[in-house]
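Q:
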Amino acid sequence: MKITWGFVLGAFIVLGLLAGAIYLPYYFVHSPFFNQNFCESGQIGDSIGGTVGPAVAIIGALLTFLAFYVQYQANQQQKADLKQQREDWEIERFETRFFELLKLHKENVSEMELVAGKIKGKLSFNYLFEEFICLYKQVNKLVENSPEPDKSNLNAAKITYLVFYYGVGKLAETSYIPEFSWPEYQLFEDVKKSILQQQQDYIYPSKSSWQWAEYQYMPYNGHSTMLGTYYRHLFQTSKYIITFPHIKDPEVKYQYIRTMRDQLSEFEQLMLYFNATTWFPKEWEEAFTSYRFIKNIPLQHIPEELSPIERYQEFMIKLWLTKKKRLFEVQGDIDKVVNIWIDSYPEIYITLKIHPGHKNYPSQSDVKHLMDMRNWS
């Protein structure tokens with residue numbers, strides 16, 4: 193139990209009163225004011241009783257209060273100890289569960305086999321990325337040549353990933369055809385014709401189709417069986433860490449996310465990004481931004497129009513300005529982007545707590561002054 197200054201002061205007061213109560217009878221008996229014959233008078237006894245009695249009663253009350261206070265303090269400390277024990281137990285249980293999930297993730301990766309005995313484990317994602325990008329380039333070209341007047345109605349990335357993930361064929365197509373608008377469905381039919389021809393070229397290669405024959409497996413045949421469990425597990429693990437209520441410090445949670453991220457190769461992070469932004473962009477956003485789950489994603493391999501730098505630009509800029517931390521390891525020098533953003537959103541910039549290490553951006557007071565000048569003009 194913690195000994196507080198209030199407890200010490202109270203103890204001294206009680207001891208002082210107790211000493212006074214013990215001394216009072218002696219004082220009254222030997223005082224020159226009470227030199228009468230005690231046998232003839234009961235005044236001394238009455239005086240002592242009338243004076244000491246209330247003092248003893250007060251001391252008794254104070255001692256009772258002190259006993260209750262000590263018990264209260266002990267109860268509060270016991271509650272705090274029990275709460276801390278509970279917190280420690282919850283964190284210990286969390287860590288046990290976390291490392292179980294980490295182990296399960298490694299098992300999921302080790303069980304992947306794109307080509308029996310040849311392409312398996314983490315290496316699979318290198319080939320999956322090549323397949324995805326090759327298909328995306330074809331879909332993008334078909335979008336450019338499409339008669340659809342408004343090209344924004346054709347989401348090339350969505351069509352690409354759905355075909356890549358599920359493949360083509362009557363059974364596979366039922367998983368994603370309902371998601372297409374009519375212009376997208378028409379585009380998909382053109383994509384499907386191209387894919388079926390490439391698959392035939394893979395089976396029966398000829399000189400005119402040698403580039404497709406270089407694949408070590410049938411392209412565009414779908415990978416949902418292999419990737420479904422893998423991505424669901426990653427999502428559940430990240431959410432388990434981020435939403436765990438007994439760890440309050442985001443930096444501690446980040447360290448667990450970082451441990452999880454360290455298990456992913458660069459191409460795993462690439463394919464996770466495409467999977468997440470196709471189906472669950474909002475659900476994955478916190479993990480990708482606040483906890484930098486794809487910090488090591490190789491940006492140089494991503495088409496500019498699909499780049500996460502564009503998608504998460506505002507968060508990337510704010511993170512850099514306030515904490516001087518990179519959202520992506522290879523994001524490069526973003527000073528030009530930051531200055532453009534400051535010019536575009538000065539009202540947001542002046543509300544941020546800028547990291548003291550930044551000396552090459554306009555001061556917030558200057559920006560506010562310019563804003564006031566514009567408002568006056």
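According to my numbering, the sequence shown is numbered sequentially starting from 193.
The C-beta atom is built at its ideal place from N, Cα and C for all residues, glycine as well.
Every value quoted in this text rests on a predicted model; they were computed, and no experiment measured them.
1) Pick out whichever of 408, 457, 436 and 293 has its Cα sitting closest to the Cα of residue 421.
2) From the DSSP output, which residues share a beta bridge with residue 516?
3) With three or more C-beta pairs closer than 8 Å as the rule, is the stretch 386-395 touching the stretch 406-413?
4) So who's on the other strand from residue 311, going by DSSP bridges?
5) Have a look at residue 278 and residue 438 and give me their C-alpha separation to the nearest angstrom.
6) Counting Cβ pairs, one atom from each stretch, are 3 or more of them under 8 Å apart for the stretch 453-472 and the stretch 508-524?
7) What residues in its chain sit with their C-beta under 8 Å from that of residue 566, if we drop five residues either side in the sequence?
8) Would residue 483 and residue 423 qualify as a contact pair, given that the criterion is a beta-carbon distance under 7 Å?
9) For residue 294, which three-state DSSP category applies?
10) Tell me the rounded alpha-carbon separation between residue 530 and residue 521.
11) Can you look up residue 493 in the DSSP assignment and give me helix, strand or coil?
12) Kindly indicate which residue of 458, 267, 456 and 478 has the alpha-carbon position closest to the one of residue 432.
13) Please state whether the Cβ-Cβ distance between residue 489 and residue 465 is less than 7 Å.
14) Would you call the stretch 537-546 in contact with the stretch 554-563, where contact means no fewer than 3 C-beta pairs closer than 8 Å?
15) Pick out whichever of 467, 314, 289 and 331 has its Cα sitting closest to the Cα of residue 458.
16) Identify whether residue 341 lies in helix, strand or coil by the three-state DSSP scheme.
17) Closest to residue 337 by CA distance: which of 552, 352 and 382 is it?
18) For residue 499, which residues of its own chain have a beta-carbon under 7 Å away from its beta-carbon, when the five flanking residues on both sides are left out?
19) I need the DSSP call for residue 505, collapsed to helix, strand or coil.
20) Hey, which unbroken runs of the alpha helix (DSSP H) at 4 residues or more fall wholly within the stretch 362-439?
21) Suppose you measure from the CA of residue 495 to the CA of residue 363; what does that come to, to the nearest Å?
22) Indicate, with yes or no, if the ligand COA has a heavy atom lying under 6 Å from the CB of residue 462.
23) Give me, in chain order, the residues of the same chain whose beta-carbon lies closer than 6 Å to that of residue 506; leave out the 5 immediate sequence neighbours on both sides.
24) Ends of the alpha helix (DSSP H) at residue 561?
25) To which residues of the same chain is residue 481 closer than 6 Å at the C-beta, ignoring the five residues directly before and after it?
26) Can you give me the start and stop residues for the alpha helix (DSSP H) that residue 467 sits inside?
27) Check the C-beta distance from residue 425 over to residue 357 and give it rounded, since I have them as a contact under 8 Å.
28) Within its chain, find whatever has a CB closer than 6 Å to the CB of residue 307; leave out the 5 residues flanking it on each side and keep chain order.
29) Using a 10 Å radius around the Cβ and a threshold of 16 neighbouring Cβ atoms, would you call residue 320 buried or exposed?
30) Quick check: the stretch 326-340 against the stretch 349-356, are there 3 or more CB pairs under 8 Å?
31) Once DSSP output is grouped into helix, strand and coil, what is the label at residue 346?
32) Using only CA atoms, which one of 291, 285 and 211 lies nearest to residue 452?
A: With the structure as the only source:
1) 293
2) Looking at the DSSP assignment, residue 516 forms no beta bridge with any residue, so it has no partner.
3) yes
4) 307
5) 10 Å
6) no
7) none
8) In this structure, residue 423 does not lie closer than 7 Å to residue 483 by Cβ.
9) Residue state for residue 294 is assigned as helix, using DSSP reduced to three classes.
10) 17 Å
11) helix
12) 478
13) yes
14) Contact holds: three or more Cβ-Cβ distances are below 8 Å.
15) 314
16) coil
17) Ranking 552, 352 and 382 by Cα distance to residue 337 puts 382 first.
18) 491
19) helix
20) 362-365, 374-395, 402-405 and 416-434
21) 30 Å
22) This structure lacks the ligand COA; in fact it carries no ligand of any kind.
23) none
24) 556-568
25) 504 and 507
26) 458-471
27) 16 Å between Cβ atoms; not a contact.
28) 408 and 409
29) buried
30) By the Cβ test, the stretch 326-340 is in contact with the stretch 349-356, since at least three Cβ pairs between them sit closer than 8 Å.
31) coil
32) Minimum Cα distance to residue 452 is reached at 291.
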